[in-house]
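Let me begin by presenting the structure, written as structure tokens, before commenting on it.
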Amino acid sequence: MSLEKITKQGKLVDVFPLFDRSTIQHSDEIQVDRFTEIDVKENDAVLPNQWFWTADFPMYMMENKEAVLYMGRNKDNLVFDNIVEATTQLREKNNYFINDRKNIDSVVNSDTTLKVVLSDLNLKKLDGEWSYFEISTEKYDKLNTSQRTLAERVHGKGQAFKNSMNMLHKAGKSITRIYVLNPDYVKKNVPENGAIARASVLNSFFNNSGFIAL
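For the sequence shown, position 163 matches number 269 in my numbering, and the numbering has no gaps at all.
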């Protein structure tokens with residue numbers, strides 16, 4: 107079955123039950139499929155025109171007075187573990203609040219979780235909630251180490267990252283962005299000894315294939 111025939115769009119709480127959790131892809135995996143489809147189908151490719159909920163799990167904490175992002179994978183996605191409660195909180199409170207230390211530690215200590223200190227990303231502030239950094243799809247080597255590490259989590263590592271950047275550049279997208287919560291927002295909203303989490307979205311090429319820790 108081709109990938110475009112098993113994609114569904116809609117509210118996360120509605121579409122999540124339609125899938126075997128293990129088949130829900132991360133952003134970097136979707137980018138590989140987009141690259142492959144464009145290579146085979148060229149202008150008839152469907153995936154670049156779609157946006158996706160991804161299996162990536164962004165969890166924010168405060169550590170030593172620094173706002174920190176822990177980007178987990180599918181197996182550690184606490185939103186997926188408690189989809190109804192998590193999406194209800196995201197809709198009503200704008201954050202999924204996590205106070206259970208065992209759950210937090212399961213993400214923090216996982217060997218597939220990426221830790222990024224937000225102040226290392228050289229962020230540009232969008233508003234009171236969001237910040238971002240831009241990636242030039244042609245001059246991506248200008249990213250600092252932390253930016254490149256997070257960018258590769260979103261777009262793929264090594265050659266896969268280069269393929270993603272070339273794919274976007276050929277599609278006329280000179281930049282793409284990764285959006286995360288403002289450090290000040292994290293500091294203000296994270297519960298003491300707890301964490302806040304969001305869902306994640308990979309946008310279509312129409313929106314420059316931006317990634318949002320939504």
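Each residue gets a CB set at the ideal place from its N, CA and C atoms; glycine is no exception.
Query: Cα separation between histidine 261 and glutamine 253?; Result: 12 angstroms
Query: From Asn215, Glu240 and Asp187, pick the residue whose C-alpha is nearest to that of aspartate 126; which is it?; Result: Asp187
Query: Looking at the secondary structure, which residues open and close the alpha helix (DSSP H) in which glutamate 191 lies?; Result: 189-199
Query: Pair every Cβ in the stretch 227-236 with every Cβ in the stretch 272-287, then say whether three or more of these pairs are closer than 8 angstroms.; Result: yes
Query: Considering threonine 142, what are the terminal residues of the beta strand (DSSP E) in which it resides?; Result: First-last for threonine 142: 133-147, but that is the alpha helix (DSSP H), not the beta strand (DSSP E).
Query: According to DSSP, simplified to helix, strand and coil, what is glutamate 169?; Result: strand
Query: What is the DSSP secondary structure of valine 121, counted as helix, strand or coil?; Result: helix
Query: Do valine 214 and alanine 303 count as a contact pair if the criterion is CB distance below 8 angstroms?; Result: no
Query: With a cut-off of 8 angstroms on the beta carbons, I'd call threonine 219 and glycine 178 a contact; round off their distance for me.; Result: 5 angstroms
Query: Since glutamate 258 sits in a beta bridge, which residues does DSSP pair it with?; Result: Its beta-bridge partners do not exist; DSSP assigns none.
Query: Checking 8 angstroms against the spacing of the C-beta atoms, do valine 222 and leucine 175 come in under that value?; Result: yes
Query: How many angstroms separate the CA atom of asparagine 200 from the CA atom of proline 164?; Result: 14 angstroms
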